[in-house]
Amino acid sequence: MKKVIIAIVCCMVSVMSYGQLRWGIEAGANISHALETNKTKAGFNIGARADYSLSSLLYLDATLKLSSQPCGYDNTNYYVDKPESGSRVVANFTPYYLTLPVRIGLNFKLNKYLKTYVAAGPMIGVGLFGKGDTKHYANVSSSGEGTLTGSAKLDNVFKNTFDGCFSTSRFEYGANINLGLEFMSHYRLGFEYSIIHIPGDVKAVDNMNIYSISLGYVF
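Numbered continuously in numbering that gives the first Met the number 0, the sequence shown closes out at residue 218.
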């Protein structure tokens, strides 16, 4: 037992002695698409990151970002006895989340000035604010045209209302994959993919794909 404890302590000391903490900033663009909808929308992300080297190849990192995750849907329901007449709802939402992915990754040095990296791990998000709008149409034909019967502006997409809340919960969770290039030990070009689940009983969407590209600088 003593030998095991000594071995663990030696490993921890070795990791801590090698470890190097680095900070950085990054910003970029998002492309989001909810799995239940037919719309793809563009947003943005901006925030700070930190990574800790565990070895020459292995590292841990985390990124705290403000991320806009717009989505929307355009649904038409036709009546069985009147196939040329239906009801249509068009909605657009732009929620803003504070997201935090925590990943473990590998980096590979390609030459003196360039290295590549890949990392993956869980992520969570907290909804901060956001707006949206909905429009309702009646007598919708097969071409999608109809009579506007009502519209609403949403000042808070997280509010629990029947005709347009984004989610009863301000929380989201999922998984994140990050890969990219680092130039001259400071400049980074990164690509991310996130699959996110949004819990709650009344909401516009349940699951969302987010693709991101970002530029960053590591101090």
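The C-beta atom is built at its ideal place from N, Cα and C for all residues, glycine as well.
Under the 10 Å beta carbon count, K64 is surrounded by 16 or more other beta carbons and is classified as buried.
With a 10 Å radius around the Cβ and a threshold of 16 neighbouring Cβ atoms, Q68 comes out buried. Annotated three-state conformation of E171 is strand, per DSSP.
For the set S168, A41, R102, the Cα lying nearest the Cα of Y210 is the one of A41.
Our two residues, K158 and M183, have alpha carbons roughly 46 Å apart in a direct line. If the five residues before and after G173 are omitted, its C-beta is found closer than 7 Å to the C-beta atoms of M122, S193, I194, I195, H196, all from its own chain and listed in chain order. In the DSSP assignment, T115 falls within the beta strand (DSSP E) that extends over 113-139. Below 8 Å, too few C-beta pairs join the region 127-145 and the region 48-63 to call them touching: fewer than three. Nearest C-alpha to A90 among T75, Y78, G104, G71: G71. With contacts defined as CB atoms closer than 8 Å, K114 and V156 fail to qualify as a contacting pair. Inclusion of R169 and G126 in the CB contact set at 8 Å is warranted, their separation being smaller than that value.
DSSP lists K114 as the beta-bridge partner residues of K108.
Per the coordinates, the alpha-carbon of Y58 lies some 16 Å from the alpha-carbon of R187.
Spatial neighbours of A26 in its own chain (CB-CB distance under 8 Å, excluding positions within 5 residues in sequence) are listed in chain order as F43, N44, I45, G46, S213, L214, G215.
Collapsing the DSSP output to three states places H185 in coil. For V156, the secondary structure class from DSSP, reduced to helix, strand or coil, is coil. For F92, the number of other beta carbons within 10 angstroms of its own is at least 16, and it is reported as buried.
In the same chain as L105, and ignoring 5 residues on each side of it, the C-beta atoms closer than 8 Å to its own belong to L56, L57, Y58, Y116, V117, A118, in chain order. Here DSSP, grouped into helix, strand and coil, assigns S86 to strand. A Cβ-Cβ contact shorter than 8 Å links L34 with N206. The alpha-carbon separation between N208 and K38 amounts to approximately 12 Å.
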